[in-house]
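In the numbering used here, the protein residues as written are -14 to 161. First up is the structure itself, then whatever we jot down about it.
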């Protein structure tokens, strides 16, 4: 699972909606103190609570799960599946975009890096974030990268990776 700093994302959503912790708490059916603990990271909300908190700030939380496919080869052959082949001609433009916007070390991981992507796969790119970039800036970068690549691009902050995903990126990741 890809994780990010949930507390800061909750705070960014609340501040963008111009709400207080108390207002978000009332809308989500939680005390202000719980909202504070979630935002400062001393407590992690369950998925249903996280969904209520984002909804209270005017956002919908969307998750997509798809069946995993077993790897048939241990050899990494990036950009050979249908999405990888369609992204290949746009790699230089994507690298240029990320560099221009201050993102560091863009690296492809997941199915495209392993060469086992399908036509409905997305492109997972892990990056070092520029200083001061918020949730909405990250979403805008993902939209722009998707426009360039012609496929859905998930832009993932490197510092928000769980240990398991960081290990997978280390094992499967390839430079964009």
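Glycine residues also receive a C-beta, built at the ideal position from the N, C-alpha and C atoms.
Item to check | Separation of residue 63 from residue 153, as counted between CA atoms | outcome: 14 angstroms
Checklist entry - Which residues share a DSSP beta bridge with residue 89? => result Per DSSP, the beta-bridge partners of residue 89 are 113.
Item to check | Cβ distance (whole Å) where residue 167 is taken to contact residue 103 below 8 angstroms | outcome: With the chain represented from -14 up to 161, any question about residue 167 goes unanswered, as that position is not in the structure.
Item to check | Segment contact flag, the segment 112 to 131 with the segment 28 to 38, C-beta cutoff 8 angstroms, min 3 pairs | outcome: Short answer: they don't touch.
Item to check | Nearest residue (CA-CA) to residue 131, options 14, 79, 21 | outcome: Residue 79 is the option with its Cα nearest to residue 131.
Item to check | Opening and closing residue of the alpha helix (DSSP H) in which residue 63 lies | outcome: That residue, residue 63, is in no alpha helix (DSSP H); it is neither H nor E in DSSP.
Checklist entry - So is the beta-carbon of residue 74 under 7 angstroms away from any non-hydrogen atom of the ligand HEM? => result Because no ligand of any kind appears in the structure shown, any question about the ligand HEM cannot be addressed here.
Checklist entry - Is residue 139 helix, strand or coil by DSSP? => result strand
Item to check | Nearest candidate by alpha-carbon position, reference residue 98, set 72, 45, 87, 121 | outcome: 72
Checklist entry - By DSSP, does residue 47 sit in helix, in strand, or in coil? => result coil
Item to check | Backbone CA spacing between residue 96 and residue 69 [nearest angstrom] | outcome: Taking the straight line from one Cα to the other gives about 9 angstroms.
Checklist entry - Of the choices 160, 147, 7, whose alpha-carbon is the least far from that of residue 90? => result 160
Checklist entry - Taking C-beta to C-beta, are residue 129 and residue 88 nearer than 8 angstroms? => result Cβ distance not < 8 angstroms, so residue 129 and residue 88 don't count as in contact.
Item to check | Rounded C-alpha distance that separates residue 84 from residue 0 | outcome: 28 angstroms
Checklist entry - Excluding the five sequence neighbours on either side, which residues of its own chain have a C-beta within less than 7 angstroms of the C-beta of residue 2, listed in chain order? => result 42, 43
Next on the checklist: Taking the alpha helix (DSSP H) that residue 27 belongs to, which residues open and close that run?
Outcome noted: Per DSSP, residue 27 belongs to no alpha helix (DSSP H) and is neither H nor E.
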